[in-house]
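Down below is the structure, laid out as structure tokens.
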Amino acid sequence: MKMVMQKQIHHLHHHQHLRLRKHLNRRIRQRLRLPLSRVTNVALNAAFEVSSHTGETHTVWGWHASFINDGNTEFLPYENVGWTTQVGIIMTEEDWWDQWVLFDIGGELLIDKVVLYPIEGLAPFFPIDYHVEVSTDNSNYTTVISVVDDFSTANEDDSPKELKFDPVVARYVRVVFTKPYNVPNADGYLVQLAEIEIYTAEENQD
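Its first residue numbered 468, the sequence shown is counted upward by one per residue in our numbering.
Structure follows, in structure tokens:
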């Protein structure tokens with residue numbers, strides 16, 4: 468009887484150790500995902516619009532448009548996963564229309580970097596082709612960087628995607644997704660992101 472109890476206690480401690488180690492590893496990965504910089508993330512809690520979303524219907528599973536710039540990049544199932552385009556609408560690649568997130572950063576600032584965070588463990592829903600365009604009047608837009616044939620997340624790389632470009636003055640920043648990845652057995656063609664960040668250039672610090 469004593470030996471059985473000892474085995475049970477050992478199993479419990481082992482299980483707790485595994486849970487703790489898993490939690491710590493996740494926190495370490497989370498810290499590594501955060502950029503180290505003196506500059507400011509001006510997308511944080513900024514006004515924004517999205518091309519499509521799931522409204523309140525998927526909040527119970529952790530999906531909401533407001534999670535796109537709330538500062539959380541960690542995968543929190545049923546609580547805070549990220550933003551997804553509308554589910555079950557675009558069912559073929561031929562039907563795809565550009566999806567986007569548009570930020571109003573509140574004033575004209577010099578920016579030089581956008582960071583896109585794939586959703587941890589759901590990286591294949593990250594797009595293949597995408598670009599960043601900026602404007603000062605929300606009418607005339609200029610593309611500052613484009614990415615084509617990005618299959619990194621299809622290979623389970625869910626690290627942040629840093630998009631660096633020459634410093635440019637902008638108030639409106641739109642990230643446009645022009646081609647999704649075809650995820651087998653998915654509910655249509657989707658784009659899903661944990662977070663988008665926009666960083667001011669060093670010159671703004673002077």
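Where a beta carbon is used, it is the ideal one built from N, C-alpha and C, also for glycine.
| Check | Outcome |
| --- | --- |
| Considering only C-alpha positions, which residue in the set Trp528, His520 and Ala621 is nearest to valine 554? | His520 |
| For aspartate 579, count neighbouring C-beta atoms within 10 Å of its own C-beta (all shown protein chains included) and say buried if the count is 16 or more, exposed if not. | buried |
| For asparagine 605, which residues in the same chain have their Cβ closer than 7 Å to its Cβ, ignoring the five residues on either side in sequence? | Tyr639 |
| Among the residues of its own chain, which have a CB less than 8 Å from the CB of asparagine 536, if the five just before and after it don't count? | Ala510, Leu511, Asn512, Ala513, Phe515, Phe570, Glu662, Ile663 and Glu664 |
| Measure the C-alpha to C-alpha separation of glutamate 561 and isoleucine 595 and round it to an integer number of angstroms. | 15 Å |
| How about the stretch 527–534 and the stretch 622–630: do they share at least three Cβ pairs that are nearer than 8 Å? | no |
| For threonine 559, is the classification buried or exposed, using 16 other Cβ atoms within 10 angstroms of its Cβ as the cut-off for buried? | exposed |
| Please state if the CB of glycine 588 and the CB of phenylalanine 618 are separated by a distance shorter than 8 Å. | no |
| For glycine 655, does the three-state DSSP call read helix, strand or coil? | coil |
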